[in-house]
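Chemist:
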Amino acid sequence: MKVSIEKDYDAMSLRTARQVTELVKSKPDALICIAAGHTPALTCELIAQMAKKENIDFSRCYFVSLDEWVGIPPENEGSCQYFLRNNLFKPLHVTEKNIHVFNALAGNMQKECKDMDDFIRERGGIDLIIVGVGRNGHIGFNEPGAAFEQYSHVIDLHEVTQSVGQKYFREQTTLTQGITLGLQHLLDARKAILIANGEKKAAVIKEAIEGEISPQMPASVIRRHANGEFIIDKEAASLLSGNA
Ligand code: F6R
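According to the numbering used here, the sequence shown holds residues 1334 to 1577 in order.
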C-alpha cells in the first residue's frame, strides 16, 4: 500500500489525473472506473485538459460507472451518470458503445448488476479504479459492513450517505438505495486509487490507513490491494500519526 500526500487539492488532482493519462498512453483500450462526486471533479477536468493538450486518444478506452442513486434519472444533475457524462465522457469523446453505466431506473436491478459484472469480465477486468471516500468510510455505495467479496449489488443507503448526498441535488431528494460495484471489483482491478481532500475527510482517512482492515471501514480495503494507493492532500492527512 502506498500513501501519497500532496500539498493541496490541485496537486492531489494533478497526480491522479496523470495516472489516468499515463495508463491510456500505454494501453489505449484500458477499462477505467472513476467515482462521481466533488473529490474527482478537478481530476476529471485535468484529464480532459491533458488529453487535449497532449493529443491523447480516449476513443478506444472503456469506462464503467462506480455507482448510482437508485431511482434518480440520468438527466438529474445530482446523478452519478450526469457527472460522468459531463465531466469525463463528453470532454474526452469516449465512444458511446465503450461506456457502461448503471441504469438507476431499470425494472430489474439484479440484471443491471449482472450486466455490469459481465461487461467488466468480458473486457478482462478494470485496469484502473479511482474512488472517493464518504465520511462514514464508504467506497462507491459499499457502506460500512459491506463484504469485501461482493461484486455489483443494490444496497440500502446509510443515514449519513442519505443526508450528505443532498449536496449534489438542487432540491431535497429522497435517497434510499444505491447500486454499486462491489469491493471485489476494486480488489480485482490492476490498480486502485483512493483520493481524499480536506479536513472533513481527515478522521476517516486516519481510520482507513491506521485502523483495522475491516468491512466496517470499507476504505481500508485499499490496504488489501497489492497495487493500492491513497492520494490525499495535507488536510486529509492531518490526523495521521507522524503528520501532526
Ligand atoms: C460517488 C461515490 C461516493 C463518493 C463519496 C465521496 O460516485 O462513489 O462514494 O466518492 O461519497 O464524495 P465526495 O467526493 O463528494 O466527497
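Beta carbons: idealized from backbone N, C-alpha and C, even for Gly.
Applying the 10 Å Cβ sphere with the 16-neighbour rule, what's the burial state of Gly1440?
Modeler: Sequence index remark: in the sequence shown, residue 1440 carries index 107 (1-based). Gly1440 comes out exposed.
Chemist: Out of Ser1574, Asn1469, Cys1446, Thr1349, which has the shortest C-alpha to C-alpha gap to Met1550?
Modeler: For the purposes of this step, residue 1550 is taken as the residue at position 217 of the sequence shown. Comparing Cα positions, the closest option is Asn1469.
Chemist: Alpha carbon to alpha carbon, how far is Glu1408 from Lys1335?
Modeler: Numbered from its first residue, the sequence shown carries residue 1408 at position 75. Numbered from its first residue, the sequence shown carries residue 1335 at position 2. Between Glu1408 and Lys1335, the C-alpha separation is close to 37 angstroms.
Chemist: Compare the C-alpha of Val1493 against each of Asp1390, Phe1416, Thr1509, Ile1538 and name the closest.
Modeler: Taking the sequence shown and counting its residues from 1, the one referred to as residue 1493 is at position 160. Closest in C-alpha terms to Val1493, from the list Asp1390, Phe1416, Thr1509, Ile1538, comes Thr1509.
Chemist: Tell me, to the nearest whole angstrom, how far the beta carbon of Phe1435 is from that of Asp1400; I am working on the premise that it is less than 8 angstroms.
Modeler: Taking the sequence shown and counting its residues from 1, the one referred to as residue 1435 is at position 102. Taking the sequence shown and counting its residues from 1, the one referred to as residue 1400 is at position 67. With 8 angstroms as the limit, Phe1435 and Asp1400 qualify as a contact, their Cβ atoms being about 7 angstroms apart.
Chemist: Helix, strand or coil for Glu1492? Go by DSSP, reduced to three states.
Modeler: The residue you call residue 1492 lines up with position 159 of the sequence shown. Note: Glu1492 maps to helix in three-state DSSP.
Chemist: Closer than 8 angstroms is the cut-off here; do at least three beta carbon pairs connect the segment 1472–1490 with the segment 1377–1395?
Modeler: no
Chemist: From Asp1566 to Thr1349, what does the alpha carbon distance come to, in whole angstroms?
Modeler: Your numbering for residue 1566 matches position 233 in the sequence shown. Your numbering for residue 1349 matches position 16 in the sequence shown. Those two C-alpha atoms are separated by around 12 angstroms.
Chemist: Which residues neighbour the ligand F6R when neighbourhood means a C-beta less than 5 angstroms away from any of its non-hydrogen atoms? List them by chain order.
Modeler: Ala1368, Ala1369, Gly1370, His1371, Thr1372, Leu1399, Asp1400, Cys1413, Gly1465, Gly1467, Gly1473
Chemist: Which one of Ile1526, Val1397, Phe1502, Pro1548 has the shortest CA to CA distance from Arg1454?
Modeler: The residue you call residue 1454 lines up with position 121 of the sequence shown. Checking every option, the nearest Cα to that of Arg1454 belongs to Val1397.
Chemist: Let me make sure I understand the geometry here. Which of Cys1413, Cys1394, Leu1516 has the alpha-carbon closest to that of Val1403?
Modeler: Taking the first residue of the sequence shown as 1, we reach residue 1403 at position 70. The closest CA to that of Val1403, considering only Cys1413, Cys1394, Leu1516, is found on Cys1413.
Chemist: Given a threshold of 16 other Cβ atoms within 10 Å of its Cβ, counted over all protein chains shown, does Thr1507 qualify as buried or as exposed?
Modeler: Taking the first residue of the sequence shown as position 1, residue 1507 is located at position 174. The residue in question, Thr1507, is exposed, as its Cβ has fewer than 16 Cβ neighbours within 10 Å.
Chemist: CB Asp1521 to CB Leu1364, shorter than 8 angstroms?
Modeler: Counting from one through the sequence shown, the residue named residue 1521 turns up at place 188. Counting from one through the sequence shown, the residue named residue 1364 turns up at place 31. Asp1521 places its beta carbon 8 angstroms or farther from that of Leu1364.
Chemist: Can you tell me whether Lys1340 is buried or exposed, with buried defined as 16 or more other CB within 10 angstroms of its CB?
Modeler: To locate residue 1340, count along the sequence shown from 1; it is residue 7. Label assigned to Lys1340: exposed.
Chemist: Between Ile1380 and Gly1473, what straight-line distance do the alpha-carbon atoms span, to the nearest angstrom?
Modeler: What you label residue 1380 is simply residue 47 of the sequence shown in a count that begins at 1. What you label residue 1473 is simply residue 140 of the sequence shown in a count that begins at 1. Taking the straight line from one Cα to the other gives about 21 angstroms.
Chemist: Taking C-alpha atoms, which residue in Ser1571, Arg1503, Gly1457 lies nearest to Glu1532?
Modeler: Taking the first residue of the sequence shown as position 1, residue 1532 is located at position 199. Here the closest residue by C-alpha is Ser1571.
Chemist: Confirm, please, whether the CB-CB distance from Ala1535 to Glu1568 is below 8 angstroms.
Modeler: As a working note, residue 1568 is residue 235 in the sequence shown. As a working note, residue 1535 is residue 202 in the sequence shown. Closer than 8 angstroms, so yes.
Chemist: Smallest Cα separation from Tyr1415: which of Glu1562, Cys1394, Ala1369, Lys1447?
Modeler: Within the sequence shown, residue 1415 is the residue found at index 82, counting from 1. It is Ala1369.
Chemist: If I'm right that Ala1437 touches Ile1512 with Cβ under 8 angstroms, what's the distance once you round it to whole angstroms?
Modeler: Position 104 of the sequence shown, counted from the start, is the residue given in the question as residue 1437. Position 179 of the sequence shown, counted from the start, is the residue given in the question as residue 1512. Yes, Ala1437 and Ile1512 are in contact; Cβ-Cβ is about 7 angstroms, under 8 angstroms.
Chemist: Could you tell me the boundaries of the alpha helix (DSSP H) in which Gln1505 lies?
Modeler: One-based indexing of the sequence shown puts residue 1505 at position 172. No alpha helix (DSSP H) contains Gln1505, which DSSP labels as neither H nor E.
Chemist: Mind checking who Lys1386 pairs with in its DSSP beta bridge?
Modeler: The residue labelled residue 1386 in the question sits at position 53 within the sequence shown. Lys1386 pairs with nothing; no bridge assigned.
Chemist: Using CA atoms only, rank isn't needed, just tell me which of Met1442, Ile1528, Ser1359, Gly1561 is closest to Ile1338.
Modeler: For the purposes of this step, residue 1338 is identified with residue 5 of the sequence shown, where counting begins at 1. Of Met1442, Ile1528, Ser1359, Gly1561, the residue nearest in Cα terms is Ile1528.
Chemist: Straight-line CA distance for Asn1431 to Leu1573?
Modeler: Taking the first residue of the sequence shown as 1, we reach residue 1431 at position 98. Taking the first residue of the sequence shown as 1, we reach residue 1573 at position 240. Those two C-alpha atoms are separated by around 39 angstroms.
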